[in-house]
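Let me begin by presenting the structure, written as structure tokens, before commenting on it.
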Amino acid sequence: MGVLVLVLAVLSAKLKLSLSLTALAFVGTASAVAALTSSLVFRLTARSTHHSLSATSSLPATAAFLRMTMSLLIEDRDLTEYEKTIECSKIWIVSPDLHKDVGPESFRDIVADNIRHRGIEYTWILNGSHPGIVATIRDLKSRYSEAERAKMHFILLPSDKWVCLPYTSGDFAVYNPTCEPATTETRLYYEYPDEKRELWIRVYSPVLEQWMDQLEAVVPELTK
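The structure is reproduced here in structure tokens:
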């Protein structure tokens, strides 16, 4: 990830495009890659609109690089395939609105199968200030039996705690957070911040550990 951020910064400099120094301060984080990529795509689009083709002769190579960078993103369908086959006892979902777990085009069926047939326990950490979140929780729980609901936990955070989480611009999911079994690695994915909310980025070590530490500090009941 750090290499990608560096290459993006060098590329932007060659094209005489400015990038936020704040973003560069987070070298090595998946968030920085997403932010820098988005910034670069926006600026390249603007440049190609206002300049002639001869002035943007480097754009084909740039486009190829951006395609490679964006290949780091995975789609909902990729993550659902992973979620329905992972061997673990627990999954944590941080979400402002339960967007991915309600509605026809969501992870709803996979969550149901994991709870009912695979014994996986889900914990949702939610923005308690989001309009309608309590009703959404009630709707989700109503689809399960009392025994199944025992494997569903909901933690509503007040605004002052919600903003302290490592990522709040969409969902992020932690797979096998308690290392049970130890043979399954802990993985963390967060939603790429766009309106469609269909793409995810995996967070790798050491940022993975940093995000986990921050999450557990804000929500200590996760480890009780």
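So for the sequence shown, numbering that gives the first Met the number 0 puts the first residue at 0; every next one is plus one.
We put the beta carbon where it would ideally sit given N, CA and C, even for glycine.
Bear in mind that the values here come from a model prediction, so they are computed numbers and not experimental data.
In this structure, DSSP gives E120 an extended state, which the three-state scheme calls strand.
According to the DSSP assignment, A216 belongs to the alpha helix (DSSP H) that extends over 206 to 217.
In this structure, V218 and I154 form a Cβ contact; the two beta carbons are roughly 6 Å apart against a cut-off of 8 Å.
Only exposed fits D193, as fewer than 16 other CB atoms lie within 10 angstroms of its CB. Selection Y189, E190, Y174, Y191 evaluated against T183 yields Y174 as nearest (Cα-Cα). R196 sits in coil when the DSSP states are folded into three classes, being neither helix nor strand. About 6 Å separates the CB atoms of M151 and Y121; that is less than 8 Å, so the two are in contact. Annotation for K89: no alpha helix (DSSP H) segment contains it, though the beta strand (DSSP E) segment containing it runs 89 to 94. Relative to N126, the option among T135, E86, G118 whose CA is nearest is T135.
Rounded to the nearest angstrom, the gap between the Cα atoms of F106 and Y143 is 15 Å. The Cβ neighbour count for G169, taken over all protein chains shown within 10 Å, is at least 16; the residue is labelled buried. Close CB contacts of P176 within its chain, under the 8 Å cut and outside five residues either way in sequence, are with K89, I90, W91, T185, M211, L221 (chain order).
In terms of Cβ geometry, V93 and D100 do not form a close pair [threshold 8 Å]. Scanning the segment 110 to 158 for uninterrupted alpha helix (DSSP H) segments of 4 residues or longer gives 132 to 140, 145 to 148, listed from N- to C-terminal end. Y189 carries a strand assignment under DSSP once its states are collapsed to helix, strand and coil.
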